[in-house]
Amino acid sequence: MTKTRPLDGIRVIDFSRVLAGPLVGQILGDLGADVIKIERPGHGDDTRTWGPPWKNYAADDEPEDLEATYYMAINRNKRSIVLDLKDADDIAFARRLALTGDIVLDNFKPGFMAQLGLDRASLAADKPDIITATVTAFGGDTDAAHLPGYDLAVQGMSGIMHLTGEVGGRALRVGIPVVDMLTGYNTTVGVLAALHERGQTGVGRHVEVSLMDAGLAALLNHQTGVLMGGQNPGRGGNRHYSIAPYESYTCADGDIIVAAANDKLYAGVCRVIGRPELIDDPRFVTNTIRRQNLEELNEILEPAFASNTRAHWIAKLRDEDVPCGPINSLREALDWAIDMGMEPIFTGSNDYQAVRNPVRIDGAVITEGQRPPRLGEHTDEIRAEVDTWGDRS
24 MTKTRPLDGI
34 RVIDFSRVLA
44 GPLVGQILGD
54 LGADVIKIER
64 PGHGDDTRTW
74 GPPWKNYAAD
84 DEPEDLEATY
94 YMAINRNKRS
104 IVLDLKDADD
114 IAFARRLALT
124 GDIVLDNFKP
134 GFMAQLGLDR
144 ASLAADKPDI
154 ITATVTAFGG
164 DTDAAHLPGY
174 DLAVQGMSGI
184 MHLTGEVGGR
194 ALRVGIPVVD
204 MLTGYNTTVG
214 VLAALHERGQ
224 TGVGRHVEVS
234 LMDAGLAALL
244 NHQTGVLMGG
254 QNPGRGGNRH
264 YSIAPYESYT
274 CADGDIIVAA
284 ANDKLYAGVC
294 RVIGRPELID
304 DPRFVTNTIR
314 RQNLEELNEI
324 LEPAFASNTR
334 AHWIAKLRDE
344 DVPCGPINSL
354 REALDWAIDM
364 GMEPIFTGSN
374 DYQAVRNPVR
384 IDGAVITEGQ
394 RPPRLGEHTD
404 EIRAEVDTWG
414 DRS
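All residue numbers for the sequence shown refer to the numbering used here, where the first residue is 24 and numbers rise by one.
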């Protein structure tokens, strides 16, 4: 990608920790912003100790110098400064630092930033164009505002876990911290919208996204089914609630995904398994009827796919333009993306590697940048620089 990035010249003062907030900072940093990560003395971000796995910054690092790869996943393209937010001098410096920024990000409990004079109202008195963004668990002014929340808790409370798992089985956590990630992505959208508006009005905004709001919004067709369709769906395994055939099937050497989301694709599946007469079979002639008669349809499809290998069926399905693929391990997924020329890997110093930001701009991707910082690595540098910045008001 070119040296100029969309957010060059934008400064983010990031008080957040763990996942959703730091993800916002990382995305903004990937896009060119100068992201300054505020960390507590001695420990820093909790995720620094969320290992194994671990990664050393240098070959001669001591064991206590190792950082969790979890932390490495969401903190690249940032600078770290240590500040004690219980110390009056450090609080004063934090406010001074915030007033040099364009965006102030946090995920503390509601009211904490106001106690420090770092909330939108306090900062805007001196800097009306400041943008603040807060990640909360259940909203800043709701009856549940006082409750703590992590991704797992909200996966359960939002209904996501209720939908996840095999029919008749236990509710399962999604294999990634999906609520935290969706909260981070939605917060980023809000911040960029506020930044765009500021360019027109000269005035900043306060952006807030809660884990619960993001989790509920992620229910998409399920929530409209509840609100307007009178349904309260449960677990369906790998089957789609509305489309058929749209699920995993077991082949002779493992499982594949078949995603026939319309009648044309269903016809392709029928030809692939050598049963073209099923295209006009009245039991399966439309998607609605197929979904109603899915058990009968699978009595045909399951033994057909079990009769040969994944590679055999994937090749034939792709000849018919039916979306399909193997169920890959993470290593297999990365290797395939590399082989396909998708350039999925971001690299930094000290052998840092991570999956890159997925955004392409003018066809280019962001594949190089700064590794995640050591705790307080840039404290002296930032303290010296702040004297030259001045308030951005």
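C-beta atoms are modelled at their ideal positions from N, C-alpha and C, and glycine is treated no differently.
CB of residue i within 8 Å of CB of residue j, strictly
i      : j      : result
Ile368 : Asn380 : no
Gly291 : Glu343 : yes
Ile154 : Leu54  : no
Leu89  : Lys101 : no
Val212 : Thr402 : no
Ala117 : Ile50  : no
Gly277 : Ser233 : no
Gly192 : Arg258 : yes
Leu120 : Gly48  : no
Cys274 : Thr332 : yes
Val158 : Ala43  : yes
Ala91  : Gly74  : yes
Ser145 : Glu400 : no
Tyr272 : Ile279 : yes
Ile126 : Val226 : no
Ala194 : Met184 : yes
Ile384 : Pro29  : yes
Asp152 : Arg221 : yes
Val41  : Thr70  : yes
Ala96  : Ala360 : no
Member of the options whose CA lies at the smallest distance from the CA of residue i
i      : options                           : result
Ile33  : Leu340, Leu146 and Ile59          : Ile59
Glu319 : Thr311, Ser330, Phe307 and Ala329 : Phe307
Val345 : Pro133, Ala282 and Ala216         : Ala282
Asp303 : Arg314, Gln315, Asp286 and Thr247 : Asp286
Asp113 : Glu220, Gly348 and Arg63          : Arg63
Ser372 : Met365, Leu353 and Gln393         : Gln393
Leu170 : Leu215, Met235 and Met136         : Met235
Leu46  : Met365, Tyr94 and Arg28           : Tyr94
Gly124 : Ala56, Ala167 and Cys347          : Ala56
His245 : Leu186, Ile405, Val214 and Gln223 : Leu186
Gly364 : Leu108, Pro268 and Ala387         : Ala387
Asp164 : Trp73, Met184 and Glu231          : Glu231
Ile312 : Leu242, Ile266, Leu122 and Ile280 : Ile266
Pro133 : Leu146, Ile126, Ala156 and Leu122 : Ala156
Phe131 : Gln254, Ser39 and Gly198          : Ser39
Leu141 : Ala160, Ala115, Asp152 and Thr247 : Ala115
Gly297 : Leu340, Asn310 and Gly172         : Leu340
Leu398 : Arg314, Asp110 and Arg99          : Arg99
Gly188 : Ile337, Gln138 and Arg262         : Arg262
Val197 : Arg143, Val35 and Gly238          : Gly238
Gly260 : Ala216, Val190 and Thr247         : Val190
Cys347 : Ile405, Leu139, Ala334 and Ala147 : Ala334
Pro396 : Gly52, Gln223 and Trp412          : Gly52
Residue span of the alpha helix (DSSP H) that contains residue i, given as start and end
i      : result
Ile337 : Arg333 to Asp342
Arg298 : Counting along the chain, Arg298 falls outside any alpha helix (DSSP H), and DSSP gives it neither H nor E.
Ala144 : Arg143 to Ala147
Gly348 : Segment Cys347 to Pro349 is the beta strand (DSSP E) holding Gly348; no alpha helix (DSSP H) there.
Gln254 : It is not in any alpha helix (DSSP H) - Gln254 carries neither H nor E in the DSSP assignment.
Arg118 : Ala111 to Ala121
Asp388 : The question names Asp, but residue 388 in the sequence shown is Val. Looking at the DSSP string, Val388 is not in any alpha helix (DSSP H), and its letter there is neither H nor E.
Leu46  : Ala43 to Asp53
Ala360 : Leu353 to Asp362
Glu400 : Note, Glu400: premise wrong, no alpha helix (DSSP H); not H, not E.
Gln393 : Segment: none, Gln393 is in no alpha helix (DSSP H) and carries neither H nor E.
Ala137 : Phe135 to Gln138
Span of the beta strand (DSSP E), counted from its first residue to its last, around residue i
i      : result
Gly277 : Gly277 to Ala282
Leu128 : Ile126 to Asp129
Ile368 : Ile368 to Gly371
Arg34  : Arg34 to Asp37
Ile154 : Ile154 to Thr159
Thr311 : Counting along the chain, Thr311 falls outside any beta strand (DSSP E), though it belongs to the alpha helix (DSSP H) covering Asn310 to Gln315.
Arg102 : Arg102 to Val105
Thr273 : Tyr269 to Cys274
Gln376 : Tyr375 to Val378
Near the ligand MN: residue i beta-carbon under 7 Å from a heavy atom
i      : result
Ala194 : No copy of the ligand MN occurs in the structure displayed, which carries no ligand at all.
Cutoff 8 Å: residue i Cβ touching any chain D Cβ
i      : result
Cys347 : The displayed structure is made up of one protein chain only, and chain D is not part of it.
Handout entry: Start-end ranges of the beta strand (DSSP E) lying completely within the stretch 180-251, minimum 3 residues
Key = 229-233
Practice task
List in chain order: all unbroken beta strand (DSSP E) runs of 3+ residues lying wholly within the stretch 55-96.
Solution key: 57-62
Practice task
Would you check if there are 3 or more beta carbon pairs closer than 8 Å linking the stretch 167-178 to the stretch 198-211?
Solution key: yes
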